[in-house]
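Per our numbering, the sequence shown runs over residues 12 to 745.
Where is the CB? At the ideal position from N, CA and C, for every residue including glycine.
The structure under discussion appears below in the form of structure tokens.
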Amino acid sequence: MKVSPLAVGLSLALYAYAATAGAMATTTPPGIAQFPAVDSSAGPSAPDEEGARNRRGTAAKELGAVNVNAALDTARNNLSPDTGSSEYVINAQNIQALPLGASTPLNQVLLQAPGVVQDSYGQLHVRGDHANLQYRINGIMLPESISGFGQTLDPRMIQSVKLLDGALPAQYGERTAAVVDITTKNGTDLGNGGVVGVTGGSFGTVNPYLSVWGNSGKWSYYFTGNYQENNAGIENPTASRDPVHDHTNQLKGFGDVSYLVDNDTRLSFLFGVTNNRFQIPNNPAQTPQFGYLDLTDFNSADLNERQNEQTRFGMLALQGKLGDTSYQVALGQRFSGLQYYPDDIGDLMFNGVAGQINQSDRASTFQADFATPWGGTHTLRYGAYYEFDRAGTHTHSLVFPANPDGSQASTLPFNIFTSDRVLAKTAALYVQDEWDIADNFTLNYGLRGDRYTAFREESQLSPRVGLVWQATDSTTVHAGYSRYFTPPQTELVSTGNIAAFANTTNAVKDYGNNTPLTERSNYFDAGVQQNIGDWTLGLDAYYRKVSRLQDEGQFGAALVYSTFNYKYGRVRGTEFSATYNHGPISAYFNTAYSRAMGKDVITSQYNFGSDELAYIAENWIHLDHDQKLTSSGGISYAINDDTKVGADYLFGSGLREDGQVPNGLSLPYYFQLNASVSHDFHFDSVGKLHTQLALINVLDRSYELRSGTGVGVGAPQFGPRRGVYLTLEKPFSF
Numbered sequence: 012m013k014v015s016p017l018a019v020g021l022s023l024a025l026y027a028y029a030a031t032a033g034a035m036a037t038t039t040p041p042g043i044a045q046f047p048a049v050d051s052s053a054g055p056s057a058p059d060e061e062g063a064r065n066r067r068g069t070a071a072k073e074l075g076a077v078n079v080n081a082a083l084d085t086a087r088n089n090l091s092p093d094t095g096s097s098e099y100v101i102n103a104q105n106i107q108a109l110p111l112g113a114s115t116p117l118n119q120v121l122l123q124a125p126g127v128v129q130d131s132y133g134q135l136h137v138r139g140d141h142a143n144l145q146y147r148i149n150g151i152m153l154p155e156s157i158s159g160f161g162q163t164l165d166p167r168m169i170q171s172v173k174l175l176d177g178a179l180p181a182q183y184g185e186r187t188a189a190v191v192d193i194t195t196k197n198g199t200d201l202g203n204g205g206v207v208g209v210t211g212g213s214f215g216t217v218n219p220y221l222s223v224w225g226n227s228g229k230w231s232y233y234f235t236g237n238y239q240e241n242n243a244g245i246e247n248p249t250a251s252r253d254p255v256h257d258h259t260n261q262l263k264g265f266g267d268v269s270y271l272v273d274n275d276t277r278l279s280f281l282f283g284v285t286n287n288r289f290q291i292p293n294n295p296a297q298t299p300q301f302g303y304l305d306l307t308d309f310n311s312a313d314l315n316e317r318q319n320e321q322t323r324f325g326m327l328a329l330q331g332k333l334g335d336t337s338y339q340v341a342l343g344q345r346f347s348g349l350q351y352y353p354d355d356i357g358d359l360m361f362n363g364v365a366g367q368i369n370q371s372d373r374a375s376t377f378q379a380d381f382a383t384p385w386g387g388t389h390t391l392r393y394g395a396y397y398e399f400d401r402a403g404t405h406t407h408s409l410v411f412p413a414n415p416d417g418s419q420a421s422t423l424p425f426n427i428f429t430s431d432r433v434l435a436k437t438a439a440l441y442v443q444d445e446w447d448i449a450d451n452f453t454l455n456y457g458l459r460g461d462r463y464t465a466f467r468e469e470s471q472l473s474p475r476v477g478l479v480w481q482a483t484d485s486t487t488v489h490a491g492y493s494r495y496f497t498p499p500q501t502e503l504v505s506t507g508n509i510a511a512f513a514n515t516t517n518a519v520k521d522y523g524n525n526t527p528l529t530e531r532s533n534y535f536d537a538g539v540q541q542n543i544g545d546w547t548l549g550l551d552a553y554y555r556k557v558s559r560l561q562d563e564g565q566f567g568a569a570l571v572y573s574t575f576n577y578k579y580g581r582v583r584g585t586e587f588s589a590t591y592n593h594g595p596i597s598a599y600f601n602t603a604y605s606r607a608m609g610k611d612v613i614t615s616q617y618n619f620g621s622d623e624l625a626y627i628a629e630n631w632i633h634l635d636h637d638q639k640l641t642s643s644g645g646i647s648y649a650i651n652d653d654t655k656v657g658a659d660y661l662f663g664s665g666l667r668e669d670g671q672v673p674n675g676l677s678l679p680y681y682f683q684l685n686a687s688v689s690h691d692f693h694f695d696s697v698g699k700l701h702t703q704l705a706l707i708n709v710l711d712r713s714y715e716l717r718s719g720t721g722v723g724v725g726a727p728q729f730g731p732r733r734g735v736y737l738t739l740e741k742p743f744s745f
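Written as structure tokens, this is what we have:
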């Protein structure tokens, strides 16, 4: 019996959904990334974003299925406000043009945007914030996963991704450093076909992948999956070329199935699954601090620490139009798990504790967004969001007894079991009006109400306002203000856990407030964009004044983060971007200046020494993720339709490390240059074969992302060494 790809995909979707349930707008851009176009196997280009600010979604409905989908896509876009924040757009062609193409991890894709700073473990910092990123897929918010090394989302499923930051409109809340707004590929636009390929190269990298898409009648679907393994899964703690004990196996899958109920209504189911396994790389020649039975020495190169991560999500969305009102209503669930497995003897001898940690978090969500035009010059947007989180942490910790002065009292360890469960509820309502005051003035103003209940109950009403002025046909000016309310993550170390380790080698001083607090801030943003011939230039400035600033740090032996608050915070910066497109040449350039400071640690003080706390209480310090200067850029040249060459780079002035004061120094600057060449071969027998050769860190410059010192910094990490990678990709159709 012949089985259609649609039937197979639906079976996979239902399986993933069952596993999940059981386990568990264009704004004013500082610059729009314009990478070179590549072969059509990457999918169609993203819709033109320029000039779409007043788009109303008036496409005819009495057309075929493709046009009905296009009209519904326009209606969904109309749910997002068009003013008041800054935007950077990267589409599927832009991703394919990167040296590693669609095999590039999502965090490295986002590093092409201005103001985005790389950190260890795949973390990103946008405009001086620690993390605080909000991910949306087709307008639906995806709750964050437990912090770890793995990238949950695969760039192969991305049609376009917008990075929105600055003074965000009222519909965006909870995670507000930036919104990573992803529009997925779909079978309606792509037709019936797929692509199969493999990327391989240095450090034992093997990355086979398969994507299948299509449409039949009222159904459309897109599925993609890939497997990756290599010997450089986490940043090397040394400058050596070959990390010790750093193998990783990663499996990712994503699917999007849509059904046209009628010409005004579409039902979609999106799902994803990620299962990643990591060895924790070793730092040789370290000296043990504790004895174990009759052992006094342990080779740190032989440590066997490991960490596994899982994420599963499913989202069911009903989207369409009722009269003039566009809407999208979605139900979702996301399960996230993390397991840390220590080297019992080694961790005990180096850290005084060997903790086997099992964390899980299940989030169930409801989201509803509506947009109604009224009065000819207004668009009223309103909606609601609700999230219920159930988080748990279970830890078996081997420790040594300790004397009152903290010294080891015995070389015989014993086990302590601790367990935390947290229930967190987030509820939000918003209303906002986009008012076209005149042909060249648009005002977007609104109000958002948030309520968060977990460790305590907190709430806030947050006004938002943004103004866009189309000064000339080539000049756009924007300015905005937003009040933000940012709840803490659900991971928590409770007072009970602290008390359980009294008189052991894992004891900490039990003082201060151990309940994380919600961050509150005032955000001001202004910018201008100028088109000059083939150039697009952007300049943006921002300032954020923060109360109870949230930060995270790795304070224990395990690679798991803990939340804490500074009483005060202030963040400011400036970004400049430029893009150029003419004929076969395409180029982009971004540079950013940022300063992020904090003062007076007011929660989770047990993670700090008393001298450190005393200094921070009286003095402003740089946040550990503060980087003064950041830059990225790239250029590409299409020799002909089949052959393209390109290069891009990353530059940073260095994150912070301890000096005479906490976070008092910045690490040395770094510069990473990458290059690539791609060529499409055409064979009579098999058709087109796409090849792409990438050289990462061309100059093989060894640079340090982290030195192992600084507030909440657990270990040193170095950037990647030179690597050569080849991609072979074969598109197909049916």
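Candidates the options, of which the one nearest residue i by Cα
i              : options                           : result
serine 131     : Gly719, Asp431, Gly584 and Val255 : Gly719
serine 696     : Thr322, Phe743, Val709 and Leu704 : Phe743
glutamate 563  : Lys556, Ser573, Gly491 and Leu164 : Ser573
isoleucine 193 : Phe214, Arg167 and Gly177         : Arg167
proline 412    : Gly670, Tyr303 and Gln330         : Tyr303
aspartate 659  : Leu704, Tyr599, His489 and Glu586 : Tyr599
glutamine 339  : Thr307, Ala395, Gln370 and Ser375 : Ala395
arginine 459   : Leu83, Asp691, Glu185 and Val128  : Glu185
serine 760     : Gly549, Leu278, Pro499 and Ile596 : The structure shown does not extend to residue 760, since the chain spans only 12 to 745, so no value can be given for it.
leucine 329    : Ile646, Pro254, Phe280 and Pro727 : Phe280
Close beta carbons around residue i, own chain, < 7 angstroms, minus the five adjacent residues each side
i                 : result
serine 713        : Ala250, Phe729 and Arg732
asparagine 6      : Residue coverage of the chain in this structure runs from 12 to 745, which leaves residue 6 outside it and unanswerable.
glutamine 481     : Asn451 and Thr487
aspartate 355     : Ala365 and Leu409
arginine 467      : Thr526
phenylalanine 619 : Val612
serine 213        : Gly734, Val735 and Tyr736
asparagine 542    : Ser485
lysine 332        : Ala86 and Asp275
Residue i versus residue j - alpha carbon distance
i                 : j                 : result
alanine 513       : proline 424       : 14 angstroms
leucine 109       : serine 687        : 8 angstroms
tyrosine 553      : glutamine 145     : 19 angstroms
asparagine 426    : alanine 511       : 11 angstroms
glutamate 629     : asparagine 533    : 23 angstroms
leucine 153       : lysine 639        : 31 angstroms
glutamate 320     : glycine 161       : 7 angstroms
alanine 124       : phenylalanine 309 : 44 angstroms
tyrosine 397      : threonine 437     : 6 angstroms
leucine 716       : valine 519        : 28 angstroms
glutamine 344     : arginine 401      : 11 angstroms
tyrosine 648      : histidine 690     : 12 angstroms
phenylalanine 324 : asparagine 149    : 14 angstroms
aspartate 431     : asparagine 674    : 31 angstroms
Residue i, buried or exposed, once every other Cβ within 10 Å from all chains shown has been counted against 16
i              : result
lysine 655     : buried
lysine 196     : buried
tyrosine 680   : exposed
isoleucine 627 : buried
histidine 701  : buried
glycine 580    : buried
asparagine 414 : exposed
serine 575     : Checking the displayed sequence, the identity of residue 575 turns out to be phenylalanine instead of serine. So phenylalanine 575 ends up on the buried side.
Beta-carbon contacts of residue i that lie in its chain and below 8 angstroms, excluding the five residues immediately before and after
i              : result
isoleucine 368 : Leu349, Gln350, Tyr351, Thr404, His405, Thr406, Ala569 and Val571
glutamine 297  : Ser311 and Phe361
Supposed close pair residue i, residue j - CB separation, criterion 8 angstroms
i                 : j                 : result
serine 171        : asparagine 80     : Going by Cβ atoms, the distance from serine 171 to asparagine 80 rounds to 16 angstroms, so no, they are not a contact pair.
phenylalanine 381 : tyrosine 393      : 5 angstroms
glycine 236       : phenylalanine 289 : Glycine 236 to phenylalanine 289, Cβ: 20 angstroms. No contact.
aspartate 545     : tyrosine 617      : Rounded, the Cβ-Cβ distance is 57 angstroms, inconsistent with contact.
Residues near residue i in its chain [Cβ-Cβ closer than 6 angstroms; skip 5 each side]
i             : result
threonine 322 : Ser156, Thr163, Thr285 and Ser347
leucine 262   : Tyr238 and Asn286
leucine 478   : Leu454 and Ala490
serine 473    : Arg459, Arg494 and Phe496
leucine 314   : Asn293, Asp354 and Gly357
Contact with chain B by residue i, beta-carbon distance below 8 angstroms
i          : result
serine 371 : Absent here is chain B; the protein component of the structure consists of one chain.
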